[in-house]
Structures are given as C-alpha cells and as structure tokens.
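Okay, so here's the structure we're looking at.
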Amino acid sequence: LRQAYLRKAYLRQAYLRKADLRQVDLREADLRQVDLREADLRLADLRLADLRSAKLSFADLRQAYLRQANLSWANLSSANLRLANLRQAYLSWANLRQANLRQANLRQADLSSTDLSWADLSEANLSWADLSEANLENISWNEDTKWENVQGLETAINVPEALKNHLTSP
C-alpha cells in the first residue's frame, strides 16, 4: 500500500499490523480502532483522519502529517513520531508512553489526560498545547523544547521539578 491514495477511506477496525504505508494519503480517513501496531507510516498524510482508539504502538510515524487528526484514546506507546506534525491534533486520553516525539510539532494540540510518561519531547514544539491532567512522569526534554503559553500544567501530574523551575524562571 506504499504511496497509495486512500483519502476519505473507510478502514474502521481494519487489521494493518506491520503494514508498509509509507507516504500513503489517508487524509480524512476513518481509521477508528484500526490495528496499525508496528506499521510503517513514515511521511504518511493523515490530516483530519479519525484515529480514535487506534492501536499504533511501536508504529513508525516519522515525519507523518497528522494536523488536526483525532487520536483520542489511541495507543501510541513506543511509537516513533520524530518530526511528525501534530499541530492542533486531538490526543486526549491517548497513550504516548515511551513515545519518541523529538522535534515533533505539537503546537495547539489537545494533550489533556494523555499519558506522556517516559516520552522524549526534546526539541518538540508544545506552544499553546493543552496538558491538563496529562501524566508527565519522567519525560525527556531540553532547552530547545518550546513551552510558550502551554496550557494546563497546573493540573498535569508528575511534572518534573526541573520543568517547573524552567517555566517559572525569568
């Protein structure tokens, strides 16, 4: 299915485990509850796709375009989202435990109640993202991680002390 045109496709509950979906066009596709564990979705276009409750653990989503995609309740544990565009994506209640989000664009993303424990947020852009009640236990981040106007940190859990200090320093 590499480079396939599947725009607005109905693939709800499909079994696509370990599928090669590199550069596939899945814009606005219905991918609710789809099994994409260990799938290769590098450079895939998933704008406005509905991935609610999708299984994406260990999936390779490097440089995937997920702007405004709905990933609520999705399992992205240990997924590789390096350089992925998740701007304005809905990730509430998603499992991003141990996910690689290095250099990912999460600007204005809804990460409320998301499990980000052990995730790598180095150089990620979280400007204007909503982290209300998100779990930030043992996240990795660095001085190039963008936190400008991030929302909801006051209700996030397990916020690292170093991050609290970084965000409150002048």
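Heads up: the sequence shown begins at 10 in my numbering, then just goes up one per residue. Just so you know, even glycine gets a beta-carbon here, dropped at the ideal spot from N, CA and C.
Any idea if residue i is buried or exposed, counting beta-carbon neighbours within 10 angstroms, 16 or more meaning buried?
| i | result |
| --- | --- |
| I148 | buried |
| Q112 | buried |
| S121 | buried |
| T164 | exposed |
| K27 | exposed |
| R11 | exposed |
| N174 | exposed |
Can you list, in chain order, the residues of its chain with a C-beta nearer than 6 Å to that of residue i? Leave out the 5 residues immediately preceding and following it.
| i | result |
| --- | --- |
| G161 | D139, L140 and S141 |
| E157 | S136 |
| S101 | S81, D119, S121 and S122 |
| I166 | N144 |
Excluding the 5 residues preceding and the 5 following residue i in the sequence, name in chain order all residues of the same chain whose CB lies nearer than 7 Å to its CB.
| i | result |
| --- | --- |
| Q72 | R51, L52, L92 and A93 |
| W150 | L130, S131 and L172 |
Need the endpoints of the alpha helix (DSSP H) that residue i sits in, please.
| i | result |
| --- | --- |
| E170 | E170 to T177 |
Can you look up residue i in the DSSP assignment and give me helix, strand or coil?
| i | result |
| --- | --- |
| N84 | strand |
| Q72 | coil |
| I148 | coil |
| Q160 | strand |
| K17 | coil |
| K64 | strand |
| N89 | strand |
So who's on the other strand from residue i, going by DSSP bridges?
| i | result |
| --- | --- |
| K155 | N134 |
| N114 | N94 and N134 |
Which same chain residues, not among the five before or five after residue i, have their C-beta less than 8 Å away from its C-beta?
| i | result |
| --- | --- |
| D153 | S131 and E132 |
| R106 | S86, S87, D124, L125, S126, W127 and A128 |
| A13 | L30, V33 and D34 |
| L198 | Lying before the first or after the last residue shown, residue 198 is absent from the chain, which here runs from 10 to 179. |
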